[in-house]
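J.: Chains as they are written, first to last, in my numbering: chain X, 1 to 329; chain P, 1001 to 1329. The beta-carbon is built from N, C-alpha and C at its ideal position, and this holds for glycine as well.
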């Protein structure tokens, strides 16, 4: 910094003013200091500055998988809000592993992020209490926190699924299958609940062989679907619990002679160009990310009450063809 | 730290050993210190530590758009390599804006990242020279740096496109269109070059109305395609310059009575289930991210020469149906 001051022919205080973008320096002096900085390769030492100010203007985002299009859209929305607040984004994938989620969250806290947006993999977030008490704003998104009271932004998973399954029932189906994600995942159990409620509302039984919960790998989805479609009372329609399940179901069902009706949770690109076009219950991935990030920055601005907020976004049925196929007789 | 030591009944040095995960502490003592830390909400102050050690164990990734599936897959691969090296990831989208790219890169440098992986939006990266001289390892990916000599990992864009266009020519097409991204983007101009070379190799002319470069918005792609398909000598086949173009082209062509052959650069999910299934020239998005990140960490380990590396990954033709449609007579 002394070298910059000497080269620019100004005092140390002036260099400091320019670097910290404080007023009271003429444009000409700013330009002189700037070119001295460029010439010397000086970099403002943010780490040193962090020790003196409270905020780091960075936010940590922990989600399941950066490569999943659903989380890609959510991430981009969080990034846009963070950018509007001048904050940078750390991102990390938990790969549905609670230990990895905790490692990432604590690593971000050790970097003194101002706040966290977390798609939780685990169901016990008491490990976060010291961080939250120390002032790290935290908003959960897509799934609620476990065993702590924290802000959360969710989709109406049960309601959306109930609507989708009721739609299949309205088109004449009585034996309807459900394939969901692992039972430890909040969205998966909520959607299963919506399925059960829609069936109960219509006075229909749910046989144990009609629903399956587990990892959404193609192998697992194929096996679950084969079980539901076999036997004396095969399902005539399927509700797919998320876009990973839907994609495999589309693949399996396209190879079968008898049409099986399909409604999937989550919209996906080109769903409308498949044969038949895929009926979905769409959730608003950018809306989830945006709402969570906005809530986070409202917390950071102190513009909210002490109470934890719970925001629930609706899911929307988009009929396109696959969900309107009548039962094969 | 003194409070932690007092509470755990150990010396300050032992607390320091536990926090820095150094050997020589019994598991029982580690547990005691850990629970004292938990009870007191103590957090290791990484910012202070940064001032004393060289590495920050963080890497910045700048790409075009976190919400684009191609970059989602690339990001996840960079993250996996960073994680294997114990590093956290900053991510940011340039939205194809050179100024925004520079802002992000310099903001990451101000946070003292060890290295950068950059999908460049701009064509002049001299602004990075002071950072690189100051020791920030930098690897460009998907597109090369402009006006500086830097490591880069690319796909063979021209070669892949030449193969795809030659495939259309081999199926009898003589009037072939090309819709690419903005001409300032390296991958877009390289693919245009591959198209021109394949046409020249076959002794075919390229009419000005047969190719169009610009933003890959649906409106722009629709308009460009309408121009190519109109007039007395309409194209009978299209090479789509990236997955955004392909998706819109599939949509437009599915609504037309006369089939038009289509080959797209980039593979995408469900391409094989469309009608007709879409022939693509696939690039390896995770491979690009992985190679770039591995090169970055080799640089950080000092295990490389001073020379800038250039790695080129092949693109692969996957015939599925749309690229094998003969010209409408």
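Leaving aside the five residues before and after residue 1090 of chain P along the sequence, list all residues of the same chain whose C-beta is less than 6 Å from its C-beta, in chain order.
T.: So the qualifying residues of the chain are 1060 and 1108.
J.: Say whether chain P places a C-beta atom closer than 8 Å to the C-beta of residue 96 of chain X.
T.: Not closer than 8 Å to any Cβ of chain P, the Cβ of residue 96 of chain X fails to qualify, so no.
J.: Run through chain X and tell me which residues come within less than 8 Å of residue 1076 of chain P, C-beta to C-beta.
T.: Ordered by position in chain X, the residues that pass the 8 Å Cβ test against residue 1076 of chain P are 65, 66, 67 and 93.
J.: Could you list the residues in the stretch 1271-1290 of chain P with a C-beta less than 7 Å from some C-beta on chain X, going in chain order?
T.: Answer in chain order: 1273, 1274 and 1275.
J.: When the Cα atoms are used, what is the spatial distance from residue 1015 of chain P to residue 17 of chain X?
T.: Looking at the two C-alpha atoms, the distance is approximately 39 Å.
J.: I'd like to check one pair, residue 232 of chain X with residue 175 of chain X: are the Cβ atoms closer than 8 Å?
T.: Contact flag unset, no.
J.: Contact criterion: CB-CB distance below 8 Å. Does residue 38 of chain X meet it with respect to chain P?
T.: Closer than 8 Å: yes.
J.: Looking only at its chain, what residues have a beta carbon closer than 6 Å to the beta carbon of residue 203 of chain X, apart from the 5 residues adjacent to it on each side?
T.: Contacts found: none.
J.: What's the C-alpha gap between residue 241 of chain X and residue 1196 of chain P?
T.: Cα to Cα, residue 241 of chain X sits roughly 46 Å from residue 1196 of chain P.
J.: Which runs of the beta strand (DSSP E) fall wholly inside the stretch 150-175 of chain X and span at least 3 residues, in chain order?
T.: Listed in chain order, the complete beta strand (DSSP E) runs (minimum 3 residues) inside the stretch 150-175 of chain X are 151-155.
J.: Which chain P residues are close to residue 89 of chain X, counting only those with a beta carbon under 7 Å from its beta carbon?
T.: What residue 89 of chain X touches in chain P: 1090, 1091 and 1092.
J.: Give a yes or no on whether 8 Å exceeds the smallest Cβ distance from residue 1079 of chain P to chain X.
T.: At least one chain X Cβ lies under 8 Å of residue 1079 of chain P.
J.: Report the start-end ranges of each beta strand (DSSP E) in the stretch 1192-1227 of chain P that is 3 residues or longer and not cut off at the edges.
T.: Taking only runs of at least 3 residues, the beta strand (DSSP E) segments lying wholly in the stretch 1192-1227 of chain P are 1211-1213.
J.: Could you give the distance in angstroms between the alpha-carbon of residue 221 of chain X and the alpha-carbon of residue 1270 of chain P?
T.: C-alpha separation (whole angstroms): 16 Å.
J.: Quick one: Cα of residue 131 of chain X to Cα of residue 124 of chain X, how far?
T.: Taking the straight line from one Cα to the other gives about 14 Å.
J.: I'd like to know if residue 130 of chain X contacts chain P, where contact means its C-beta is closer than 8 Å to some C-beta of that chain.
T.: So, interface residue.
J.: Excluding the 5 residues preceding and the 5 following residue 1093 of chain P in the sequence, name in chain order all residues of the same chain whose CB lies nearer than 7 Å to its CB.
T.: Answer for residue 1093 of chain P: 1063, 1064, 1065 and 1066, listed in chain order.
J.: What residue from P:1244, P:1158 and P:1188 has the CA that sits closest to residue 1354 of chain P's CA?
T.: A question about residue 1354 of chain P goes unanswered here, because the residues of chain P that appear run from 1001 up to 1329.
J.: So, with DSSP's three-state summary, where would you put residue 1129 of chain P?
T.: It is helical.
J.: Is there at least one Cβ from chain P nearer than 8 Å to residue 146 of chain X's Cβ?
T.: False, the Cβ-Cβ gap to chain P never drops below 8 Å.
J.: Which of the residues in the stretch 15-35 of chain X, read from start to end, lie with their CB under 7 Å from any CB of chain P?
T.: Result list empty, no residue passes.
J.: Skipping 5 residues on each side, what residues in its chain have a beta carbon closer than 6 Å to that of residue 1246 of chain P?
T.: Excluding residues within five positions, the ones whose Cβ falls inside 6 Å are 1240 and 1264.
J.: Does residue 21 of chain X pass the burial test, meaning 16 or more other C-beta atoms within 10 Å, or should it be called exposed?
T.: Exposed is the call here.
J.: How would you list, in chain order, the residues of chain P whose beta-carbon sits under 9 Å from the beta-carbon of residue 269 of chain X?
T.: Correct list: 1069, 1247, 1268, 1269 and 1270.
J.: With distances taken between CB atoms, is the gap from residue 293 of chain X to residue 57 of chain X smaller than 8 Å?
T.: In this structure, residue 57 of chain X does not lie closer than 8 Å to residue 293 of chain X by Cβ.
J.: Using the C-alpha atoms, what's the distance from residue 1150 of chain P back to residue 154 of chain X?
T.: Their backbone Cα atoms lie some 44 Å apart in a straight line.
J.: Between X:3, X:115 and X:33, which has its C-alpha nearest residue 300 of chain X's C-alpha?
T.: If we check each option's Cα against that of residue 300 of chain X, X:115 comes out closest.
J.: Which residues bound the alpha helix (DSSP H) around residue 1006 of chain P?
T.: 1002-1008 is the span of the alpha helix (DSSP H), which, as asked, contains residue 1006 of chain P.
J.: Please go through the stretch 62-117 of chain X and give each complete alpha helix (DSSP H) segment of 4 or more residues, from N-terminal end onward.
T.: The qualifying runs are 69-84 and 98-110.
J.: Along chain X, in chain order, which residues have C-beta atoms closer than 8 Å to that of residue 1250 of chain P?
T.: Correct list: 270 and 273.
J.: Evaluate residue 1328 of chain P with the Cβ neighbour count: other Cβ atoms within 10 Å of its Cβ, from every protein chain shown; 16 or more gives buried, anything less gives exposed.
T.: Its Cβ having fewer than 16 others within 10 Å, residue 1328 of chain P is exposed.
J.: Where do the ends of the beta strand (DSSP E) carrying residue 1140 of chain P lie?
T.: Run containing residue 1140 of chain P: 1137-1141, per the beta strand (DSSP E) assignment.
J.: If distances are taken between C-alpha atoms only, which option among X:147, X:287, X:199 and X:3 comes closest to residue 74 of chain X?
T.: When only C-alpha atoms are compared, the closest one is X:287.
J.: Report the rounded CA-to-CA distance for residue 1177 of chain P versus residue 321 of chain X, giving the unit in angstroms.
T.: So the two alpha carbons sit approximately 33 Å from each other.
J.: Got a sec: is the Cβ-Cβ distance from residue 1322 of chain P to anything in chain X below 8 Å?
T.: Closer than 8 Å: no.
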